[in-house]
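Have a look at the structure below, then the notes.
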Amino acid sequence: MNSGFLKFAKRLSSTSNCASSMMLANLTFGNMRSTGTPLILVPGLFGTKENWIRVGKELSQRLGCMVFAVENRNHGGSSMAPSMSYPEMAEDLVGFIDWVRKITGEEQVNLHGHSMGGKTVTQLATTPEYAARIKNLIVEDMSPLGYPLKRAEYLDCIKHMLKTDMNKTRDEVMTELGEKVSKVLLYQFVRGNLGEDANGKAIWTCNLNVIDETYIYLLSHDIRFGVFEGPTLFQRASGSGFLPAAHKGVVEKMFPHVRFAETAWSNHWIHADDPHFFVDSICEFLDEPEELQLKSYL
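Going by the UniProt record's numbering, the sequence shown opens with residue 1, and the numbers climb by one from there.
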């Protein structure tokens with residue numbers, strides 16, 4: 001990771017998002033000498049840019065391109081806002097894409113999204129005025145359709161986070177929540193969003209109240225309209241339930257040049273649980289000749 005360029009990137013991106021006033025914090029892998037199409041990684045709910053360090057470095061090296069890992073609005077170092085709908089987050093991302101296009105001189109980017117980020121990038125890709133910015137689209141374990149409101153474990157985790165006494169150290173909060181939520185959620189949701197202030201007291205680095213108010217919408221919202229004609233890869237964790245087989249027909253209609261890559265060795269967070277599959281499937285997809293990518297995969 002180029003720390004000098006990272007400082008430049010943060011400074012410039014705070015003023016260069018033309019489609020949205022939201023600044024998206026980011027980490028950059030690679031450097032300005034990289035010649036491949038830039039790749040942007042968009043995390044899910046509670047995801048942080050640091051989640052991508054391992055795979056971001058490897059993808060940059062193998063693909064020979066700059067890789068940008070962003071944080072969504074209301075997360076980490078990105079701008080905070082009173083709402084976070086999918087059209088709003090797609091517009092935020094368009095602004096970031098336009099900044100990447102400006103600094104790299106590339107007309108298009110390769111775009112990847114995980115979970116909530118996956119639904120955001122499908123919103124963006126199927127919006128006609130935005131789609132031309134995307135060369136290849138990659139969606140990690142997420143359907144464009146909503147889900148039945150049965151994932152109470154995640155909502156319960158958010159409620160426990162809201163009720164936590166923050167007049168404690170970060171370690172004390174982690175211990176307290178470790179008694180109330182699963183280990184998976186403790187490390188995927190809580191740890192990356194828990195910081196400390198100058199006095200050593202724990203603080204949430206995300207806009208937890210807005211996330212709580214928006215969670216049901218984020219889970220249940222359908223992105224049903226529009227078609228993206230470019231090459232598309234859907235990565236699927238077979239046991240997670242986030243990309244059900246019943247949604248495959250809708251995916252194929254919205255993304256007629258789609259292919260699927262599946263792993264049985266991962267939960268919902270493929271990039272963390274099965275990083276070799278994650279990186280290999282992306283590299284194989286992006287390295288294919290364009291005429292093969294534009295076939296319709298079954």
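Backbone N, C-alpha and C define an ideal beta-carbon position, used for all residues, glycine too. Model, not experiment: these values are computed from the prediction.
Measuring CB to CB, does Gly-146 end up less than 7 angstroms from Asp-222?
Counting from 1 along the sequence shown, the entry for residue 146 is found at position 146. Counting from 1 along the sequence shown, the entry for residue 222 is found at position 222. Yes, these two residues count as a Cβ contact at 7 angstroms.
How about the stretch 120-135 and the stretch 47-67: do they share at least three Cβ pairs that are nearer than 8 angstroms?
no
Could you work out which residue in Ser-78, Tyr-86, Val-70 is closest to Pro-144 when comparing CA atoms only?
Start at 1 with the first residue of the sequence shown, and residue 144 comes out as number 144. Comparing Cα-Cα distances from Pro-144 to each of Ser-78, Tyr-86, Val-70, the minimum goes to Tyr-86.
So, for Ile-53: in the same chain, excluding its five sequence neighbours on each side, which residues have a beta-carbon less than 6 angstroms away from its beta-carbon?
As a working note, residue 53 is residue 53 in the sequence shown. So no residue of the chain qualifies.
Can you tell me whether Val-181 is buried or exposed, with buried defined as 16 or more other CB within 10 angstroms of its CB?
Counting from 1 along the sequence shown, the entry for residue 181 is found at position 181. Buried, since its Cβ has 16 or more Cβ neighbours within 10 Å.
State the start and end residues of the unbroken alpha helix (DSSP H) segment that holds Phe-277.
By 1-based counting over the sequence shown, the position of residue 277 is 277. Here the alpha helix (DSSP H) through Phe-277 covers 275-287.
Enclosing alpha helix (DSSP H) for Arg-54 [first to last residue]:
Residue numbering aside, residue 54 sits at position 54 when the sequence shown is read from its first letter. 53-63 is the span of the alpha helix (DSSP H), which, as asked, contains Arg-54.
For Lys-201, which residues of its own chain have a beta-carbon under 8 angstroms away from its beta-carbon, when the five flanking residues on both sides are left out?
If you number the sequence shown from 1, residue 201 lands on position 201. Closer than 8 angstroms at the Cβ level, and outside the excluded window around Lys-201, lie Met-166, Asn-167, Lys-168, Thr-169.
I need the straight-line Cα distance from Met-142 to Val-279, nearest angstrom please.
Numbered from 1 along the sequence shown, position 142 holds the residue referred to as residue 142. Numbered from 1 along the sequence shown, position 279 holds the residue referred to as residue 279. Met-142 and Val-279: Cα-Cα distance of roughly 17 angstroms.
Threshold first: 4 residues or longer. Then list the alpha helix (DSSP H) segments lying entirely within the stretch 132-185, N to C.
For the stretch 132-185, the continuous alpha helix (DSSP H) assignments of 4+ residues that do not extend past its boundaries occur at 152-163, 170-178, in sequence order.
Going by Cα to Cα distance, which pick from Gly-44, Ser-79, His-75 is closest to Ser-21?
Position 21 of the sequence shown, counted from the start, is the residue given in the question as residue 21. Residue Ser-79 is the option with its Cα nearest to Ser-21.
Rounded Cβ spacing between Val-251 and Val-258 (contact assumed at less than 8 angstroms):
Start at 1 with the first residue of the sequence shown, and residue 251 comes out as number 251. Start at 1 with the first residue of the sequence shown, and residue 258 comes out as number 258. Right, the Cβ-Cβ distance comes to about 6 angstroms (below 8 angstroms), so this counts as a contact.
Going by beta-carbon coordinates alone, are Pro-38 and Met-66 separated by less than 7 angstroms?
As a first step, residue 38 is located in the sequence shown; it is residue number 38 there, counting from the start. As a first step, residue 66 is located in the sequence shown; it is residue number 66 there, counting from the start. Closer than 7 angstroms, so yes.
Quick test of the definition: if touching needs 3 or more C-beta pairs under 8 angstroms, does the stretch 67-75 touch the stretch 202-212?
Yes, the stretch 67-75 touches the stretch 202-212.
Taking DSSP's pairing of strands, which residues face Trp-204 in a bridge?
On the sequence shown, residue 204 is found 204 positions in, with the first residue counted as 1. DSSP, once it has assigned bridges, lists Leu-194 as partnering Trp-204.
From what residue to what residue does the beta strand (DSSP E) around residue 366 run?
The shown model of the chain, from 1 to 298, leaves out residue 366, and the question about it has no answer.
Take Leu-27 and list the residues in its own chain whose beta-carbon comes closer than 6 angstroms to its own, dropping the five residues that flank it on each side.
For this step, residue 27 is matched to residue 27 along the sequence shown. So the qualifying residues of the chain are Lys-49, Ala-69.
Whole angstroms are fine: how far does the CA of Gln-188 sit from the CA of Leu-45?
Along the sequence shown, one-based indexing puts residue 45 at 45. Along the sequence shown, one-based indexing puts residue 188 at 188. Using only the alpha carbons, I get a separation of about 10 angstroms.
Measuring CA to CA, which of Ser-220, Lys-183, Ala-81, Thr-232 is closest to Cys-206?
As a first step, residue 206 is located in the sequence shown; it is residue number 206 there, counting from the start. Nearest C-alpha to Cys-206: Ala-81.
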